[in-house]
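Residue 1 is where the sequence shown starts when you use full-length UniProt numbering, and the numbers rise one by one after that. Using N, Cα and C, we set each Cβ at its ideal position, and we do this for glycine too. First up is the structure itself, then whatever we jot down about it.
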Amino acid sequence: FHPNAPITELFEFVHNSLTDAVKTYAYELVLPPDQVIKTKQENLTFKGVGGMIPACTVRFRFGKKITPKLDVKESYIRSELIEKYITTDITSLRSDQLENVVSSNDDAQSSNDKQKEVQTNDSGNEAKDKQLLKAQIKARQKLEASKRRYQKMNE
């Protein structure tokens, strides 16, 4: 939405995206951390709403007075919108840089071998190779740290 667009466009978009069962319940649109967008005035713009920044996430929640008795498996969003806008193919902006990230099953020795391979690479892109190596090492360290945290949580 454009910053000078009326805030009512957001409410219309959300209302048109919901399934018929969900439309019957009272709901709110919330800005982070917990600022409810209360007004639906035609002359109020996104720029005029405090806290509304570019690429801001607007959350949807049911009104506090109503607890909907919807089946958990039932979707809140119309299926044709899910098919159009939501993908199951998850990609990364860095995927081309991290193609050769060491898998979690490899040990530290294979990581050292890869470091030696990159260091002995005779291409003219040594700086790029070093940057790739650093990214690989950092990704592996993050993966190992998250595994340790997960194991501690499950103990």
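Residues that DSSP places opposite residue i in a beta bridge
{"i": "Tyr27", "result": "Phe62"}
{"i": "Gly36", "result": "As written in the sequence, residue 36 is Val, which differs from the Gly given in the question. DSSP, once it has assigned bridges, lists Val30 as partnering Val36."}
{"i": "residue 156", "result": "Lying outside 1 to 155, the shown extent of the chain, residue 156 is not represented and no answer is given."}
Residue burial classification, residue i (beta-carbon count within 10 angstroms, cutoff 16)
{"i": "Gln35", "result": "exposed"}
{"i": "Gln141", "result": "exposed"}
{"i": "Phe13", "result": "exposed"}
{"i": "Val101", "result": "Confidence in Val101 is poor, its pLDDT being 46 and thus under 50, which makes the residue's placement unreliable; the coordinate value appears in the next sentence. Answer is buried; the Cβ neighbour count reaches 16."}
{"i": "Gln151", "result": "exposed"}
{"i": "Gln136", "result": "buried"}
{"i": "Pro33", "result": "exposed"}
{"i": "Asn105", "result": "Confidence in Asn105 is poor, its pLDDT being 39 and thus under 50, which makes the residue's placement too unreliable to answer from."}
Enclosing alpha helix (DSSP H) for residue i [first to last residue]
{"i": "His15", "result": "Thr8 to Ser17"}
{"i": "Lys128", "result": "Glu126 to Asn154"}
{"i": "Tyr85", "result": "Ser79 to Tyr85"}
Closer than 7 Å to chain D by CB, residue i
{"i": "Leu132", "result": "Chain labels in this structure do not include chain D; a single protein chain is all it has."}
Meets three-Cβ-pair contact criterion under 8 Å: the region 40-49 and the region 6-21 = yes
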